[in-house]
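Residue numbers (numbering that gives the first Met the number 0), protein chains in the order written: chain A, 0 to 193; chain B, 0 to 193.
Just below is one structure, and these are the notes that go with it.
2 protein chains.
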Amino acid sequence: MVETRRRQIEAVASSLFREQGYAGTSVRDIARGLAIQGASLYAHVASKEDVLWAIVRRAADQFEAAADEADRATRGATAPGRLEALVQAHVGVLTIDVGQASVFVREWRSLSTERRARMGARRDAYEGRWRALIADGSRTGAFAPADAPLAATYLLTALNGIVTWYRPDGPLSPRAIAAEYVALSLRALGAGRP
Amino acid sequence: MVETRRRQIEAVASSLFREQGYAGTSVRDIARGLAIQGASLYAHVASKEDVLWAIVRRAADQFEAAADEADRATRGATAPGRLEALVQAHVGVLTIDVGQASVFVREWRSLSTERRARMGARRDAYEGRWRALIADGSRTGAFAPADAPLAATYLLTALNGIVTWYRPDGPLSPRAIAAEYVALSLRALGAGRP
DNA sequence: CCTACCGATCGGTAGG
DNA sequence: CCTACCGATCGGTAGG
Numbered sequence: 000m001v002e003t004r005r006r007q008i009e010a011v012a013s014s015l016f017r018e019q020g021y022a023g024t025s026v027r028d029i030a031r032g033l034a035i036q037g038a039s040l041y042a043h044v045a046s047k048e049d050v051l052w053a054i055v056r057r058a059a060d061q062f063e064a065a066a067d068e069a070d071r072a073t074r075g076a077t078a079p080g081r082l083e084a085l086v087q088a089h090v091g092v093l094t095i096d097v098g099q100a101s102v103f104v105r106e107w108r109s110l111s112t113e114r115r116a117r118m119g120a121r122r123d124a125y126e127g128r129w130r131a132l133i134a135d136g137s138r139t140g141a142f143a144p145a146d147a148p149l150a151a152t153y154l155l156t157a158l159n160g161i162v163t164w165y166r167p168d169g170p171l172s173p174r175a176i177a178a179e180y181v182a183l184s185l186r187a188l189g190a191g192r193p
Numbered sequence: 000m001v002e003t004r005r006r007q008i009e010a011v012a013s014s015l016f017r018e019q020g021y022a023g024t025s026v027r028d029i030a031r032g033l034a035i036q037g038a039s040l041y042a043h044v045a046s047k048e049d050v051l052w053a054i055v056r057r058a059a060d061q062f063e064a065a066a067d068e069a070d071r072a073t074r075g076a077t078a079p080g081r082l083e084a085l086v087q088a089h090v091g092v093l094t095i096d097v098g099q100a101s102v103f104v105r106e107w108r109s110l111s112t113e114r115r116a117r118m119g120a121r122r123d124a125y126e127g128r129w130r131a132l133i134a135d136g137s138r139t140g141a142f143a144p145a146d147a148p149l150a151a152t153y154l155l156t157a158l159n160g161i162v163t164w165y166r167p168d169g170p171l172s173p174r175a176i177a178a179e180y181v182a183l184s185l186r187a188l189g190a191g192r193p
């Protein structure tokens with residue numbers, strides 16, 4: 000099960016990168032989590048950075064796919080309704096694998112220059128969806144007039160902050176968090192409940 | 000000027016820690032920024048972690064002092080008025096030295112176990128001020144009923160996100176950012192302008 | 001603040 | 001996936 004082993008490596012690496020950062024985690028730390036020797040890891044991966052890259056790419060895929068699905072499910076709805084779906088989608092991906100999400104949010108800057116630039120572009124495009132939706136809602140009067148790019152950044156950093164405190168065994172379920180964060184975000188934009 | 004040299008070291012270290020993280024920054028990186036040899040740094044500091052500790056402590060001092068001042072200046076005011084002052088104070092400290100603030104927000108977890116625990120307690124007490132103010136405003140009806148701890152976390156992570164994108168030479172002044180973030184935060188809590 | 005140096009650890013390779 | 005190993009770099013010390 001080559002693919003399964005890769006996933007195990009990435010799962011162990013995700014949680015270590017979340018706890019200690021990419022630079023603060025050694026290849027031997029990751030190997031220890033799999034009960035193998037450090038050098039044995041290279042039977043499965045080409046480099047430490049490849050592991051980071053795989054994690055960050057998969058996370059980006061999931062955020063984009065969830066946003067696509069939210070867009071599709073709310074086509075034609077009002078801006079607040081579409082934003083609600085987008086927030087729920089984002090919180091869902093953040094909480095379903097908080098290690099992976101944390102690496103996407105905080106560790107992508109440790110990528111090599113070229114990969115960092117490519118992922119930066121993807122991240123910017125993703126944030127652009129939020130900017131566009133907020134600008135659209137401001138135009139139609141559904142949201143209070145605001146600096147759409149700044150409001151998008153405000154919302155996204157508030158949401159992404161979830162990776163710093165969320166624990167699956169904590170008192171708040173992902174659904175409860177999403178519900179509160181939807182309410183806070185819609186109000187921040189000056190909209191009532193959709 | 001022993002004290003001045005320490006400050007120079009901490010300034011260089013702050014911006015490197017912000018860009019590369021604590022673990023991703025070597026003692027020699029810091030020394031290079033001061034045009035001295037790596038080993039020469041130890042004429043001024045006891046360890047790499049002492050530099051991190053000094054930066055994080057100073058930042059904590061400044062956030063607490065700014066919040067004290069905001070509290071004092073708005074004693075007796077409504078919860079929205081007091082929150083406005085608190086947001087302005089927080090954004091002020093974040094932007095006046097974004098390198099230092101970034102280390103406070105993101106790198107404090109790299110402290111040794113004991114120091115990390117001490118700083119965690121200080122950070123929690125600071126967040127407690129926000130929780131208390133939000134709970135107070137919810138009680139008096141100035142804010143929409145909400146989970147006060149969760150709302151405080153939402154606001155603070157949105158604000159702290161400023162360290163990931165703010166540049167002093169960027170298009171938005173600290174005052175402009177603070178004004179927008181006050182409006183977003185008050186609306187998130189269900190309050191109009193104070 | 002410098003030179004010279006220390007043991008430990010880093011990411012990674014060779015060859016099974 | 002293991003053993004054995006590589007050169008480079010790490011934080012830090014000794015002794016000026």
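We treat Cβ as the ideally placed atom computed from N, Cα and C, and that holds for glycine.
Since this is a predicted model, take the numbers as computed values, not measurements.
- Following the DSSP letters along the chain, one finds histidine 89/A inside the alpha helix (DSSP H) bounded by residues 78 to 95.
- In the DSSP assignment, isoleucine 54/A falls within the alpha helix (DSSP H) that extends over 47 to 72.
- The three-state reading of DSSP puts isoleucine 161/B in helix, counting H, G and I together.
- One Cα belongs to valine 86/B, the other to glutamine 7/B, and the distance between them is close to 29 Å.
- Contact check for alanine 65/B and alanine 88/B: beta-carbon distance about 4 Å, within the 8 Å limit, so the pair qualifies.
- Of all residues in the stretch 164 to 192 of chain A, the ones placed with a Cβ closer than 8 Å to any Cβ belonging to chain B are Trp164, Leu171, Ile176, Glu179, Tyr180, Ala182, Leu183, Ser184, Arg186, Ala187, Leu188 and Gly189, in chain order.
- Counted as a single uninterrupted DSSP element, the alpha helix (DSSP H) harbouring alanine 187/A occupies residues 173 to 187.
- If you look at glutamate 106/A, you'll find it isn't in any alpha helix (DSSP H); DSSP assigns it neither H nor E.
- Here the C-alpha atom of leucine 93/B lies approximately 7 Å from the C-alpha atom of isoleucine 161/B.
- Chain-order list of chain B residues neighbouring tyrosine 153/A: Ala157, Tyr180 and Leu183, by C-beta distance under 7 Å.
- Take leucine 185/A, set aside five residues on each side of it, and the residues of its chain with a beta-carbon closer than 6 Å to its own are Pro79, in chain order.
- Between proline 148/A and threonine 156/A, the alpha-carbon positions lie close to 12 Å from each other.
- For serine 25/A, the nearest beta carbon of chain B is not closer than 8 Å to its own beta carbon.
- DSSP places glycine 37/B within a helical segment (H, G or I) once states are collapsed to three.
- Shortest Cα-Cα distance from isoleucine 133/B to any of Pro144/B, Ala124/B and Asp123/B involves Pro144/B.
- Judged by their CB atoms, threonine 73/B and alanine 141/B are not nearer to each other than the 8 Å cut-off.
- Between the stretch 42 to 56 of chain B and the stretch 8 to 28 of chain B, the count of C-beta pairs closer than 8 Å reaches three or more; the two stretches touch.
- Contact annotation, valine 11/A with leucine 40/A: C-beta distance approximately 10 Å; criterion of less than 8 Å not satisfied.
- Spatial neighbours of alanine 151/A in its own chain (CB-CB distance under 7 Å, excluding positions within 5 residues in sequence) are listed in chain order as Glu126, Trp129, Arg130 and Ile133.
- DSSP, read as helix, strand or coil, puts leucine 110/A in coil.
- If you draw a straight line from the Cα of valine 90/A to the Cα of isoleucine 176/A, it is about 8 Å long.
- Counting along the chain, arginine 27/B sits inside the alpha helix (DSSP H) bounded by residues 26 to 32.
- Take leucine 154/B, set aside five residues on each side of it, and the residues of its chain with a beta-carbon closer than 6 Å to its own are Ser184, in chain order.
- Excluding sequence positions up to five before and after arginine 122/B, its CB lies within less than 8 Å of the CB of Ala59 and Trp107, all in the same chain and listed in chain order.
- With a cutoff of 8 Å on beta-carbon distance, phenylalanine 16/A and valine 104/A are scored as not near each other.
- About 37 Å separates the Cβ atoms of serine 13/B and glycine 75/B, ruling out a contact at the 8 Å cut-off.
- Within 10 angstroms of the beta-carbon of glutamate 113/B lie fewer than 16 other beta-carbons, which makes it exposed.
- Check the Cα spacing between threonine 163/A and each of Ser25/A, Ala100/A and Val26/A: the tightest is with Ala100/A.
- Residues of chain A whose Cβ lies closer than 9 Å to the Cβ of serine 109/B are, in chain order, Gln19, Gly20 and Gly23.
- Only buried fits glutamate 83/B, as 16 or more other CB atoms lie within 10 angstroms of its CB.
- Rounded to whole angstroms, the separation of the alpha carbons of aspartate 28/B and isoleucine 35/B is 10 Å.
- Contact with chain A is found for glycine 160/B, since one of that chain's Cβ atoms lies less than 8 Å from the residue's Cβ.
- Within chain B, Glu179 have C-beta atoms less than 8 Å from the C-beta of aspartate 146/A, given in sequence order.
- Take the alpha-carbon of glycine 189/B and the one of alanine 187/A: they are about 8 Å apart.
- In chain order, Glu179 and Leu183 make up the part of chain B whose C-beta sits under 9 Å from the C-beta of alanine 150/A.
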